[in-house]
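Chemist: The structure under discussion is supplied below as C-alpha cells; questions concerning it will follow.
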Amino acid sequence: MKQIITTTKAPAPIGPYNQAILSGNTLYTSGQIAFNPETGELILDDIKTETKQVMENLKAVLEAANMTFENVVKASIFISDMGEFVNINDVYGSYFNEATAPARETVQVACLPKNVNVEISVIAVK
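In the numbering used here, each number is its position in the sequence shown, counted from 1, plus 287.
Below you can see the structure in the form of C-alpha cells.
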C-alpha cells in the first residue's frame with residue numbers, strides 16, 4: 288500500500304514527484320533543498336544556514352508522517368563541495384542522537400537543482 292505524504296510546512300514539489308511516500312511502515316522522502324516553504328525563497332546565506340533549512344524541511348515531512356529523526360534509518364547527502372563537509376555535518380549531526388544515528392552516504396556532485404549546495408533525503412521506519 289502506497290500513501291502520499293504532503294505538508295505545507297515543507298516546499299511543494301516542483302515536478303512529477305511527492306514530498307514522501309509511505310509504504311507499509313517505511314517512509315521514503317524526496318531530496319530536500321533549502322527552500323523556505325513560507326516565502327518560497329532559497330536560503331543560501333551560508334552553508335550552515337542552508338543545511339539547517341534542508342533539515343527543517345525534512346523534519347516537517349517526517350512529522351507529516353508522524354515520525355521524527357529517531358525513525359530515520361538511512362540518509363543520503365549530496366553536496367557540491369566536499370570542502371564544506373564539516374560544516375554540513377555539524378548541522379546534520381545536531382538533528383540526531385549519535386548513538387542511534389542512521390546509516391548514511393555523502394557524495395559530492397557536479398550540480399544540484401537550483402544550483403544549491405546541499406540536498407538530503409532520508410528513509411525512515413515506524
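Glycine residues also receive a C-beta, built at the ideal position from the N, C-alpha and C atoms.
Going by DSSP, what residue range makes up the beta strand (DSSP E) through Leu309?
Modeler: Counting along the chain, the beta strand (DSSP E) containing Leu309 begins and ends at 307-310.
Chemist: Please classify Val373: is it buried, with 16 or more other beta-carbons within 10 angstroms of its beta-carbon, or exposed?
Modeler: The residue is exposed, with fewer than 16 neighbouring Cβ atoms inside 10 Å.
Chemist: Which whole runs of the alpha helix (DSSP H) in the region 339-385 are 4 residues long or more, in chain order?
Modeler: Runs found: 372-380.
Chemist: In terms of alpha-carbon separation, which member of Tyr315, Ala397, Gln306, Thr313 lies closest to Pro324?
Modeler: When each option's Cα is compared against that of Pro324, the closest is Gln306.
Chemist: May I ask which residues mark the beginning and end of the beta strand (DSSP E) holding Ile407?
Modeler: 405-412 is the extent of the beta strand (DSSP E) around Ile407.
Chemist: Mind checking Gln395: buried by the 16 CB within 10 Å criterion, or exposed?
Modeler: Looking at its Cβ environment, which holds fewer than 16 other Cβ atoms inside 10 Å, Gln395 is exposed.
Chemist: Could you tell me the distance, in whole angstroms, from the CA atom of Val405 to the CA atom of Leu331?
Modeler: Using only the alpha carbons, I get a separation of about 10 Å.
Chemist: Starting from Leu331, follow the beta strand (DSSP E) in both directions and report where the run begins and ends.
Modeler: Taken as a continuous stretch (DSSP letters only), Leu331 belongs to no beta strand (DSSP E), as it is neither H nor E.
Chemist: With respect to the beta strand (DSSP E) encompassing Gln319, which residues constitute its N-terminal and C-terminal limits?
Modeler: Premise fails: Gln319 is in no beta strand (DSSP E) and is neither H nor E.
Chemist: Check this for me: beta carbons of Ala352 and Leu309, under 7 Å apart or not?
Modeler: Going by C-beta atoms, Ala352 is nearer than 7 Å to Leu309.
Chemist: Are the Cβ atoms of Pro389 and Ala362 separated by less than 7 Å?
Modeler: In this structure, Ala362 lies closer than 7 Å to Pro389 by Cβ.
Chemist: Looking at the structure shown, is Glu337 part of a helix, part of a strand, or coil, going by DSSP?
Modeler: Helix, per DSSP.
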